[in-house]
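**Student:** In the working numbering, the protein residues as written are 70 to 471. One structure is given below, represented as structure tokens, and several questions about it will come after.
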């Protein structure tokens, strides 16, 4: 949040947020927030804005707002919140059209659509992490507790958490070891069943979504943050917040995580359940090493993901864009004129959805996001546009594959 600058922000939410904690915080410091604006109001806000900063991910409502009517001239900054390495992919037309295209993780610079443009000399692509504000978290206190404490923080759905999370965790051979699972309970039943199969029914303790993260993390030593190899995340706020509080992350070698965690310095990057078990046992047996690494994790996160750094980088970007004349963007030309075309815009060249209504998936286990009810999936789009015949056909085809 740019609290110390002359830049005035107006935030537009295209629909009512599921949780209002952050909206309430923003409003409390005097920033204007418009929720579910009419097309007329949206046009007015765009006309009055010097810069339109579009927080990009493939939400059905975002496409409708952009493509349903002609929008005023604008200076367009895209801040992209999907990596683009796996589904959902970043529409190439969007990258080429924006006055500035900003990735929220360095891993996005490896996405094919972005990497080839950087190699060709594109100057309008940059990186600014959307993770910030960790300086507001309390300074960690390092205690020598007898038992090591582990948490997982984030989504439990199959498109985010690793499919073998339980098998990894079950490999840890310490008395009474368990992981506190913080996050919405969707997916918890499946994980509980897997714990039963492993013969460790108490391995995971589900506490649901917690608005007070500080209290929830105050007693934790380790963050067991094992995510699906094709997950869509970028800045990984849960990861950087935990590190800032002196919690050592243990992650897999996924693109987003390896740009945040410095192996054997601020955390660990593991490949197998055995490696995870070895790391947990090692830190449990050596509290001096545990506390040294906790300090390094906290310092690294607080140095890289603070509000002042984000403000500086965004301000520099705004100063660059403000020199560019406003122009018309024909989003209907970029994405198409109907909901099925909007959905396909983020499916990339590996598109599994055929124009005859069938779906071809090479490895459905590797693409769980296709079966999500939200996250820009075909089911998500069908929910918003139930009369679209192709969306209906594609979702029916996927239903039969479950």
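Just so it is clear, CB atoms sit at the ideal spot from N, CA and C, and this is done for glycine as well. Just so we're clear, the structure is a prediction, and the values are computed from it rather than from any experiment.
Distance, Cα to Cα, residue 446 vs residue 322?
**Tutor:** 25 Å
**Student:** Enumerate, from N- to C-terminal direction, the unbroken beta strand (DSSP E) stretches of 3 or more residues contained entirely within the stretch 321-390.
**Tutor:** 337-339
**Student:** Just to confirm my understanding: we take residue 70, look at its own chain, exclude 5 residues before and 5 after, and list those with CB closer than 7 Å. What are they?
**Tutor:** Model confidence at residue 70 stands at a pLDDT of 36, short of 50, so the residue's coordinates are unreliable; what they give is reported in the following sentence. Counting only Cβ-Cβ distances below 7 Å, and skipping sequence neighbours, we find 376.
**Student:** Have a look at residue 119 and residue 216 and give me their C-alpha separation to the nearest angstrom.
**Tutor:** For residue 119 and residue 216, the distance between alpha carbons rounds to 54 Å.
**Student:** Count the other CB atoms, across all protein chains shown, that sit within 10 Å of the CB of residue 186; report buried if there are 16 or more and exposed otherwise.
**Tutor:** buried
**Student:** Nearest-angstrom Cα distance between residue 276 and residue 251?
**Tutor:** 6 Å
**Student:** Given a cut-off of 9 Å, decide if residue 136 and residue 409 are closer than it, judged by their beta-carbon atoms.
**Tutor:** no
**Student:** Let me know the alpha helix (DSSP H) ranges lying completely inside the stretch 113-183, each 4 residues or longer, listed in chain order.
**Tutor:** 129-136 and 161-166
**Student:** How is the beta strand (DSSP E) around residue 235 delimited, first residue to last?
**Tutor:** Unbroken run through residue 235 is the alpha helix (DSSP H), 234-239; no beta strand (DSSP E).
**Student:** Roughly how many whole angstroms lie between the Cα atoms of residue 50 and residue 262?
**Tutor:** Given that the chain is displayed from residue 70 to residue 471, the structure contains no residue 50 and the question cannot be resolved.
**Student:** Taking the beta carbon of residue 242 as the centre, do at least 16 other beta carbons fall within 10 Å, making it buried, or is it exposed?
**Tutor:** Residue 242 is classed as exposed because its beta carbon has fewer than 16 other beta carbons within 10 Å across all chains shown.
**Student:** Taking the CB atoms as reference points, tell me whether residue 86 and residue 126 lie closer together than 9 Å.
**Tutor:** no
**Student:** In whole angstroms, give me the CA-to-CA distance for residue 313 and residue 306.
**Tutor:** 10 Å
**Student:** Specify, as a first and last residue, the run of the alpha helix (DSSP H) that residue 216 falls within.
**Tutor:** Run containing residue 216: none; DSSP gives neither H nor E here.
**Student:** By a C-beta neighbour count over all protein chains shown, 10 Å radius and 16 as the cutoff for buried, is residue 190 buried or exposed?
**Tutor:** exposed
**Student:** For residue 90, does the count of other Cβ atoms within 10 angstroms reach 16, so buried, or fall short, so exposed?
**Tutor:** By the Cβ neighbour-count rule, residue 90 is exposed, with fewer than 16 other Cβ atoms within 10 Å of its own.
**Student:** Between which two residues does the beta strand (DSSP E) carrying residue 82 extend?
**Tutor:** That run of the beta strand (DSSP E) goes 79-82.
**Student:** What residues in its chain sit with their C-beta under 6 Å from that of residue 337, if we drop five residues either side in the sequence?
**Tutor:** 319 and 348
**Student:** So what does DSSP say about residue 443, is it helix, strand or coil?
**Tutor:** coil
**Student:** How should residue 10 be labelled, buried or exposed, when 16 other C-beta atoms within 10 angstroms of its C-beta is the threshold for buried?
**Tutor:** Shown here, the chain extends from 70 to 471; a query on residue 10 therefore has no answer.
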